[in-house]
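A quick write-up on the structure given underneath.
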Ligand code: AMP
Ligand code: MG
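In our numbering, the protein residues as written are 5 to 497.
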């Protein structure tokens with residue numbers, strides 16, 4: 005199938021007029037596609053090889069990325085939404101630098117094609133509606149890395165650079181990202197309708213989500229309650245995954261929360277290197293509102309804002325009861341992830357202590373989070389593997405806390421029904437060898453800015469399948485040194 009074969013059914017463009025504004029992309033000049041994602045292509049039923057190598061197909065993709073061409077059936081719109089940013093309500097939000105080009109109908113469901121960096125819209129406020137290469141590459145790789153880990157996320161079909169420059173803290177190459185998502189529906193869409201006191205439109209939007217994305221809920225006794233339950237459960241599972249894999253979103257405003265429970269709107273996010281529960285990668289978040297260890301609480305706060313927006317549809321007591329399921333769900337999903345990462349097949353209550361003392365150990369030694377888990381994959385109780393764990397934590401092999409923890413862990417493993425080899429294989433399939441570390445993303449960005457996008461493609465390939473060890477790829481596993489200055493990330497993108 006080629007780009008021209010894509011079929012669209014644009015429900016959003018048929019909503020009431022003020023749900024969106026029709027905007028045509030502002031064309032870029034000198035556009036060059038840097039990478040096509042096999043994952044994104046497969047989500048659309050397209051052939052990534054053809055998009056990259058076939059002259060006509062590549063030209064079509066390039067003009068699409070340049071905002072110079074639309075495919076038959078596309079109807080570009082900027083969506084209106086609002087949201088709570090850092091705790092305060094902002095009524096002036098919406099798609100300010102991206103356009104929903106169309107909603108594709110594929111064999112496996114609906115896929116929004118959203119062009120980020122497509123130019124100004126009525127919701128751009130003071131922004132230029134553009135995107136820079138740095139943030140586009142970061143978002144592109146984040147989608148691949150999340151999907152590679154099995155964590156729900158938006159993805160992208162391609163990333164492109166333009167000759168035109170864009171002014172941020174410095175002058176940077178302009179870029180576009182063709183983002184894919186089952187839907188871009190956000191908590192903020194409901195907040196907007198609630199603040200405008202439009203109960204019928206809240207109902208219309210909720211029905212739309214049910215019919216198009218959660219058809220099984222149509223049959224539920226109370227479909228709107230079932231939809232809210234679904235969002236609460238999926239959000240709990242999503243945050244559990246973030247916590248288990250050391251991901252900090254860093255801008256968990258309600259407009260950046262997906263009703264479908266996807267990770268969306270990657271900005272100054274980070275996969276942490278050394279374990280630091282209070283990590284705040286966004287240097288503009290001085291209070292640490294969105295620190296790593298705050299994410300579960302913030303997600304619940306955001307869900308409470310969504311619940312309020314749904315009061316015209318659902319009884320307040322029911323909303324409260326559903327919100328109360330968030331914390332136990334998150335705890336239990338998180339425990340499952342951590343058990344898997346530690347190689348425990350059986351569920352024991354007291355594993356909680358094993359997990360928290362492990363994390364305390366990592367914090368004490370500011371150990372590399374991912375390397376620490378990887379060192380346990382090969383742990384077999386021998387002196388040599390004991391020393392390997394100590395080396396991964398950069399501590400002495402006779403460190404008291406480590407010795408104690410490994411004793412506890414060894415005893416626990418001895419009670420497991422699985423063989424050493426079975427446990428090894430299970431652990432290797434959930435503990436990534438290749439992680440989207442900020443400094444590695446930064447080096448990919450610098451190469452791309454200098455005209456070499458080969459490292460981008462290599463890293464994308466590794467992140468899409470992070471559990472398989474490849475020869476000669478050690479540079480992609482490097483941990484930043486202890487005294488390396490942190491890469492300065494900001495919201496400006
Ligand atoms: P974010 O929290 O990064 O997802 O962005 C918050 C809001 O600011 C959204 O409504 C964006 O569309 C808008 N925005 C961010 N950057 C720009 C830009 N360069 N031009 C126009 N709008 C922007
Ligand atoms: Mg946003």
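Every residue, glycine too, gets a C-beta built ideally from N, C-alpha and C.
Looking at the structure shown, is residue i part of a helix, part of a strand, or coil, going by DSSP?
i, result
"residue 219", "helix"
"residue 26", "strand"
"residue 169", "strand"
"residue 306", "helix"
"residue 408", "helix"
"residue 14", "coil"
"residue 238", "helix"
"residue 531", "Since the first and last residues shown for the chain are 5 and 497, residue 531 lies out of range."
"residue 81", "strand"
"residue 437", "coil"
"residue 140", "helix"
"residue 295", "coil"
"residue 252", "strand"
"residue 133", "coil"
"residue 444", "helix"
Taking Cβ to Cβ, would you say residue i is nearer than 8 Å to residue j?
i, j, result
"residue 25", "residue 82", "yes"
"residue 248", "residue 442", "no"
"residue 307", "residue 148", "no"
"residue 460", "residue 438", "no"
"residue 432", "residue 471", "yes"
"residue 369", "residue 410", "no"
"residue 214", "residue 227", "yes"
"residue 88", "residue 258", "yes"
"residue 137", "residue 331", "no"
"residue 204", "residue 86", "no"
Within its chain, find whatever has a CB closer than 6 Å to the CB of residue i; leave out the 5 residues flanking it on each side and keep chain order.
i, result
"residue 251", "275"
"residue 374", "439"
"residue 167", "33, 34"
"residue 256", "294, 302"
"residue 484", "277, 443"
"residue 54", "61"
In terms of residues, what are the limits of the beta strand (DSSP E) holding residue i?
i, result
"residue 110", "102 to 110"
"residue 115", "113 to 120"
"residue 88", "87 to 89"
"residue 179", "175 to 185"
"residue 37", "36 to 40"
"residue 389", "First-last for residue 389: 387 to 396, but that is the alpha helix (DSSP H), not the beta strand (DSSP E)."
"residue 199", "From DSSP, residue 199 is part of no beta strand (DSSP E) but of the alpha helix (DSSP H) over 191 to 199."
"residue 338", "First-last for residue 338: 330 to 346, but that is the alpha helix (DSSP H), not the beta strand (DSSP E)."
Got a sec? Which residues, its chain only, sit under 7 Å from residue i by beta carbon, not counting five neighbours each side?
i, result
"residue 28", "80"
"residue 157", "147, 150, 151, 266, 267"
"residue 181", "120, 121, 135, 140, 143, 144, 160, 163"
"residue 434", "344, 345"
"residue 337", "240, 241, 244"
Excluding the five sequence neighbours on either side, which residues of its own chain have a C-beta within less than 8 Å of the C-beta of residue i, listed in chain order?
i, result
"residue 430", "344, 347, 349, 422"
"residue 494", "173, 272, 286, 287, 288"
"residue 233", "326, 329"
"residue 36", "66, 164, 165, 166"
"residue 16", "23, 24, 81, 83, 104, 107"
Provide the residue span of the alpha helix (DSSP H) that contains residue i, from first to last.
i, result
"residue 92", "That residue, residue 92, is in no alpha helix (DSSP H); its beta strand (DSSP E) goes 92 to 94."
"residue 375", "373 to 381"
"residue 72", "First-last for residue 72: undefined, no H or E at that position."
"residue 284", "From DSSP, residue 284 is part of no alpha helix (DSSP H); its letter is neither H nor E."
Item to complete: Please list, following the chain, all residues that have a C-beta closer than 6 Å to any non-hydrogen atom of the ligand MG.
Response: 259, 260, 269
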